[in-house]
Amino acid sequence: MRKVLFTALNTVALLGLASLSFAADGSAVGAMSAWGAAVGMGLAALGCGIGQGIGVKGACEGMARNPEIGGKLTTTLILGLAFIESLAIYALVVCLLLMFVKPFGA
Amino acid sequence: MRERLDSLLERAGFHHAEGRELVRMQIAMATGLSLAAVSISELSDWGWAFMGGAALITVNFWWLVKYAQNVTSNAAGAAGGAFFRFFVRFGITGAGLYAMIVEAGWPVWAIVAGTITVMVTILVWGARKRARSNSAKEA
Numbered sequence: 140m141r142k143v144l145f146t147a148l149n150t151v152a153l154l155g156l157a158s159l160s161f162a163a164d165g166s167a168v169g170a171m172s173a174w175g176a177a178v179g180m181g182l183a184a185l186g187c188g189i190g191q192g193i194g195v196k197g198a199c200e201g202m203a204r205n206p207e208i209g210g211k212l213t214t215t216l217i218l219g220l221a222f223i224e225s226l227a228i229y230a231l232v233v234c235l236l237l238m239f240v241k242p243f244g245a
Numbered sequence: 002m003r004e005r006l007d008s009l010l011e012r013a014g015f016h017h018a019e020g021r022e023l024v025r026m027q028i029a030m031a032t033g034l035s036l037a038a039v040s041i042s043e044l045s046d047w048g049w050a051f052m053g054g055a056a057l058i059t060v061n062f063w064w065l066v067k068y069a070q071n072v073t074s075n076a077a078g079a080a081g082g083a084f085f086r087f088f089v090r091f092g093i094t095g096a097g098l099y100a101m102i103v104e105a106g107w108p109v110w111a112i113v114a115g116t117i118t119v120m121v122t123i124l125v126w127g128a129r130k131r132a133r134s135n136s137a138k139e140a
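Chains as they are written, first to last, in the numbering used here: chain C, 140 to 245; chain E, 2 to 140.
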């Protein structure tokens with residue numbers, strides 16, 4: 140129940156900010172874009188860091204328990220890291236767009 | 002061609018067989034799709050942007066595989082180098098994306114499509130592996 144409430148409140152807050160940003164004049168849109176890029180990249184780095192950390196932690200624990208399985212773990216680790224990292228790269232693309240290409244105006 | 006690329010990769014330090022196969026497939030996939038994109042787009046920005054995205058993600062994947070190999074191979078004294086390369090790779094990826102999106106002004110969708118080649122490689126590799134294991138079970 141708490142999770143649903145938290146998600147609903149977050150959605151309302153985001154929608155409120157979006158309407159403010161669309162209603163604002165040019166300079167405010169630029170500031171909002173900069174905020175969006177900074178917060179977005181920060182969240183992406185946080186999620187990517189946690190994900191990669193959990194992945195490497197699992198691989199290390201698996202190898203510590205059974206060192207012979209290292210070869211098999213390497214492949215899984217590569218795939219996991221590649222998938223996680225691609226998300227951070229897409230977030231970086233969006234942040235670069237917001238910061239420099241400015242699709243919503245300066 | 003395949004064996005030559007394989008031996009080149011082994012000499013470059015890819016000792017893990019599946020990692021080497023993934024990198025080899027990614028190089029082939031990025032090259033093939035980039036050439037197709039450039040020729041289909043008739044040498045326009047879209048094709049070059051796709052090629053840039055594919056090249057960037059291939060370099061990124063190359064270092065990622067090396068990093069994962071080092072993490073799981075217990076190589077003494079390799080931790081500092083792996084750590085350094087990990088962050089240099091991030092820097093190169095960020096600088097490359099900045100150059101392509103902001104400086105060159107290339108179409109973003111083409112760059113993103115180029116970066117998706119690594120996902121396609123992984124999916125194709127997984128499907129091939131599954132098909133091989135199924136045929137081995139049948140035999």
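The C-beta atom is built at its ideal place from N, Cα and C for all residues, glycine as well.
Between the C-alpha atoms of residue 223 (chain C) and residue 59 (chain E) there is a straight-line separation of about 16 Å. With a threshold of 8 Å between beta carbons, residue 120 (chain E) makes contact with chain C.
Secondary structure note for residue 219 (chain C): its alpha helix (DSSP H) is the uninterrupted segment 209–235. Under a 10 Å Cβ-count criterion, residue 150 (chain C) is classified as exposed, with fewer than 16 other Cβ atoms of the shown protein chains found around its own Cβ. Residue environment analysis places residue 21 (chain E) among the buried positions, since at least 16 neighbouring C-beta atoms fall within 10 angstroms of its C-beta.
Residue 15 (chain E) places its beta carbon 8 Å or farther from that of residue 114 (chain E). Taking a Cβ-Cβ threshold of 7 Å, none of the residues of chain E is close to residue 172 (chain C); the smallest such distance is about 14 Å.
Under the 8 Å criterion on CB atoms, residue 213 (chain C) is classed as interfacial with respect to chain E.
Judged by DSSP in its simplified three-state form, residue 2 (chain E) adopts coil rather than helix or strand.
The stretch 228–236 of chain C and the stretch 25–35 of chain E do not touch, with fewer than three beta-carbon pairs separated by less than 8 Å. Of E:93, E:67 and E:121, the smallest CA-CA separation from residue 83 (chain E) is found for E:67. DSSP, reduced to helix, strand and coil, places residue 61 (chain E) within a helical segment of the structure shown. For residue 119 (chain E), the enclosing alpha helix (DSSP H) starts and ends at 118–139.
Chain-ordered, the chain C residues with CB closer than 7 Å to the CB of residue 62 (chain E) read 221. Residue state for residue 108 (chain E) is assigned as coil, using DSSP reduced to three classes. Excluding five sequence positions before and after residue 3 (chain E), the CB atoms of its chain that fall closer than 8 Å to its own CB belong to 25, given in chain order. In the displayed model, residue 15 (chain E) falls within coil according to three-state DSSP, outside both helix and strand.
At a Cβ-Cβ threshold of 8 Å, residue 132 (chain E) and residue 54 (chain E) do not count as neighbours.
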